[in-house]
Amino acid sequence: MFDSFKDEIKKFITSRAVLVCAVLIALSCLLVYRLFYLQVINGEVYLDAFKLKIKKEKTIAAARGNIYDRNGNLLAYNELANSVTIEDVYKSGSGKSKAINKTLNTLIDIIEDNGDSVDQDFSIILGENRTYEFTVEGNALLRFLADVYGHSSVNDLKYEEKTKTAEEVVDDMCRNFRIGDYDDPSDSSTFVPRKGYTKDRALKILNIRYNMNQNSYQKYIDTTVASDVCDQTVADVMENADVLEGVSIEESTARKYVDSKYFSHLLGYTGKISEDELAELVLQNPSYGLNDTVGKSGIEQSMESVLQGTKGSETVYVDNTGQVIETSNYVDSVAGNDVYLTIDKDLTEACYNIIEQSLAGILVSKIQNVKSYTFTSTSSSSNIVIPIYDVYFAIFDNDVIDINHLNAKDAKENERAIYEQYVAKNENVLNELRLELTDKKTPYEKLSKEYQWYMSHIAAMLYTEGIIDSSLVDREDSMYIAWTKDETISLAEYLKYTIAVNWVDVSQLNIDNQYADSEEIFNQIVDFIYNYLSEDYDFQTRLYKYLLLDGYISGSQVCNALLEQDAVHVDPEELDIWNRGGESAYTFMVNRVSNLDITPAQLALDPCTGSMVVTDVNSGDVLALVSYPGYDNNLMANGVDAAYYAKLRSDNANPLYNYATQQKTAPGSTFKMVSSTAGLMEGVITTDSVIYCGGQFDKLNPAPRCWIHPGGHGGLNVTGGIRNSCNVFFYEVGYRLGLVGNNYSPDTGLQKLANYAGMYGLTEKSGIEIAESEPQVSDQDAVRSAIGQGTHSYTTVGLARYVTTVANNGTCYNLTLIDKTTDSNGNLLEDYSAEVRNVIDMPQSYWNAIHTGMRQVVQDKAYYANLGVQVAGKTGTAQESTNRPNHSLFVCYAPYGKPEISIATRIAYGYTSSYAAQITKEALSYYFELRDEDDIISGTAQALQDGATNAD
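Numbering of the sequence shown is given in this note's numbering, commencing with residue 123 and proceeding in unit increments.
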């Protein structure tokens, strides 16, 4: 029995099942022991070892310095903000681009659904006509293209790369970043750029991918997708972190500008650094990197080294999920220094508002209830009127009405009615143009004004699009002359001729057959024209002009469309009258301009721009530098608002242009103090010399006339010449300056005028710390140059330096906009002052003669009577076009006995210098507190006296 039990035990122990169980138990015990060892005994050690995966060296951005006016009023500052960033943490492979694009598409949806926008600092935008456009040109464009196509130097660019259109560049980049889809997923050759994406969305993703690619050479560098986002965007991004690989929320600062439209040209704006800017700035400060924000224009750019702070740094340890688990070696950033300007904030805003309401006053006085105005050879530029139908069209032409909303789902009655007329007109015109090109072939001179515009527009487009190669065109060719000058042939005939003489670049057309005959090429051009015009914003907008003139759209419909789109705000009483039919469309529109519901800048009709510069004559400080219209630089900083930027670029009033520092025109009679100085100092006249004016100057043939012709001023000395702005007096001075013995030498006269213009600073930029156009002293016709004609061309700020020099008896400053700089705690770093460029050493009797003449100019202006301060000044009128109003200029200083300030004012296409003088009078009233501010800045159109309309 015992043996039997023993055998059973032996059998059990030696059985396979028992052996397997024993092994399993042993392994389990070992596993439990190992887990206990790993998780309990050494758990913390191994957890730390797991977490300490990635070490990142990160920089900490520094706050940018503030900008203040001379009185400590804040103009530019920083605000704490959140930014959405993305880091390239994606695994390499064929699916990488698709994964990134999918993430970005989702991310953009989140950002835009919350009312935020993606930063767009790309060199390509989607223009008003829904086509891609470059935002840079020249070397900047070549640098961008070199980056796109992977060249280290612009010299390595191939011809076909340099000549690509914006659309072609977008498609090339979309192929590279796989932004699009395949027609056949199994065939890689069927990839179609942008397929499945709108033009807008493709460009936004492309912008981000390009920026990510620019940062790819550095590890752990984030790319900013959107700046200054709202709390809801932050919450949504964090909530969707599991599907937004590499996306983070970073604390940052947003640049903010106070009362931006008044100071936009002066302050400029900030933006992401470009490669060209980086190459230049890194020479001054090696810490600059491709993700930095720098000043792009204005004071922000010129004072970049002062405003830019010192970066901090830290070492960051992150786990394999990207979460920060430890920081060390923290070095705090140092805020940038503050800049105080010489500018007076309140004065600048007042001058801007004065210009705007005065421009509105001029427009109101010139708008007439007529359909059109025809300028003839006997017309005077001072009598040009503005037909109300030009105003109606301007509402469409300058996007006061959003024509893209006319067919929107929520478009209202008048919007829909206008759009229906547009659709019919568009179809009719396109068909008629095709018929005209293929069948009718009407000579240009026999076309209606409407179809002449279409044909001219088409011809210009064919050149700009490269269909006709302008470098091959023979300007002396008889057919070219017949089309461009004689206007005796049709566009169809001209196009067929360009094909015959090989001026057409066939490669720009959709022609597969390299041996296509001329008829096939012509038909392809016609198709190209048709397709182009179908998407051409300028052409489409122009259709509204003829719809208005032909009565298919009424003025009342335009007014109602403005109301339907909330583009204007009408007080309830007037609105009630309008709705009851008690007010005409003409009156309604004039009231909008009068009340500045629609500003001169929005209309963009002559005049719609102006500039004014106010200086301290005893220091060279610029107290106000005003360019109208301005823009909102808040929408340009912290990532450009692409839609707003596109609108600015297409705006007919060109608000991005600084009219105070960049626009140049002839100075007109404001130059006559230079000629007086030259005449007196060269001894060709004395203060007692009398020159007789009989209305024209007979020493030249043809004889130039005085503005008073057929009358005359009689005998005048230099003071009287300035007072009466007598052209004949200064013609004679210019003539005498050119005399060598008894012979007249224009070059000698021009050289002497240039020497004295240089003494007043007119041969160089004014010295201000922002971008400025180079002045041009006349190099033609000494006689006419002496009255400010010839080829003289100066900026408003250049004229301001000139009149400042006159006011203080010859001290010519390099003007300055900078008062001082301080650190962020207010400690003074540098006290700036304008440098004296030169001093004109001239007898006081000469100065007295000039000052007296300028004082008498103002005394003769009835609107300056009883002003409350004595002013000396000089008017000027400059003609640039025979069928547009003259430019209006006025320079002055005050008080006359002891000058404090000088002012230079220019109203481009402002009809008469009297208007500039009256606008300046309002600025003087504000500065010297001669009237209540509410009376000066009324917020409505300022009626101006017509005054003299001479060409002084």
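Even glycine gets a Cβ: it sits at the ideal position worked out from N, Cα and C. Just so you know, these numbers come straight off a predicted model, no measurement behind them.
The region 1033-1052 makes no contact with the region 451-465: fewer than 3 CB pairs, one atom from each, lie closer than 8 Å. Taken atom to atom, the span from the alpha-carbon of serine 370 to that of isoleucine 208 is near 6 Å.
Closest by C-alpha distance to isoleucine 330, out of Phe313, Leu248, Asp454 and Leu229, is Leu229. The alpha-carbon separation between valine 796 and alanine 876 amounts to approximately 9 Å.
Here the alpha carbon of asparagine 846 sits roughly 18 Å from the alpha carbon of glutamine 1040.
When secondary structure is reduced to three states using DSSP, histidine 973 falls in the helix class.
In this chain, the alpha helix (DSSP H) harbouring phenylalanine 852 covers 849-859. In the same chain as valine 850, and ignoring 5 residues on each side of it, the C-beta atoms closer than 6 Å to its own belong to Cys815, Phe819 and Cys828, in chain order. Within the same chain, Cβ atoms closer than 8 Å to the Cβ of isoleucine 909 are found at Gly790, Ser791, Phe793, Lys794, Ser797, Asn849, Phe852, Tyr853 and Gly856, the five residues on either side in sequence being excluded. Look at glycine 732 here: in three-state DSSP terms it is strand. Leucine 665 sits close to lysine 547, with the two beta carbons spaced by under 8 Å. For asparagine 936, the enclosing beta strand (DSSP E) covers residues 933-936.
The three-state secondary structure of asparagine 947, taken from DSSP, is coil. Counted as a single uninterrupted DSSP element, the alpha helix (DSSP H) harbouring tyrosine 767 occupies residues 764-772. In the structure shown, leucine 655 adopts helical secondary structure according to DSSP, grouped into three states.
Among the bridge pairs identified by DSSP, histidine 1009 is matched with Ala1000. By the C-beta density criterion, serine 382 is buried, having at least 16 other C-beta atoms within 10 angstroms. Valine 522 and isoleucine 720 have their C-alpha atoms some 8 Å from each other. For glutamate 535, the enclosing alpha helix (DSSP H) starts and ends at 535-557. Using a 10 angstroms sphere on the CB of glycine 889, the tally of other CB atoms reaches 16 or more, which defines it as buried.
A residue is called buried when at least 16 other Cβ atoms come within 10 angstroms of its Cβ; serine 501 does not meet this threshold and is exposed.
Within a 10 Å sphere around the beta-carbon of threonine 225 sit 16 or more other beta-carbons, which makes this residue buried. In the DSSP annotation of this structure, lysine 280 is not part of any alpha helix (DSSP H), being labelled neither H nor E.
Here glutamine 679 has Asn536, Ala539 and Ile540 as same chain residues with Cβ atoms under 8 Å from its own Cβ, once five neighbours each way along the sequence are excluded. Ranking Ala929, Gly932 and Ser955 by CA distance to the CA of leucine 939 puts Ser955 first. A direct Cα-to-Cα measurement between alanine 516 and isoleucine 580 gives close to 22 Å.
Closest in C-alpha terms to aspartate 728, from the list Ala775, Gln981 and Asp738, comes Ala775. Contact check for serine 503 against threonine 1004 passes: the beta carbons are separated by less than 8 Å. In the three-state reduction of the DSSP assignment, glutamate 696 falls in the helix class.
The DSSP assignment places complete alpha helix (DSSP H) segments of no fewer than 4 residues inside the region 337-363 at 353-361, in order along the chain. When DSSP reads this structure, glutamate 201 sits in a beta bridge with Ala376. If you look at serine 749, you'll find it in the beta strand (DSSP E) that goes 744-750. Contact between the region 705-725 and the region 477-486 is present: three or more C-beta pairs spanning the two stretches fall below 8 Å. Proximity of the region 704-714 to the region 890-908 falls short of the contact definition, fewer than three beta-carbon pairs being nearer than 8 Å. In terms of CA proximity to glutamate 896, Val919 leads the group Val919, Val905 and Gly912. Per DSSP, the beta bridge partners of glutamate 957 are Asn936.
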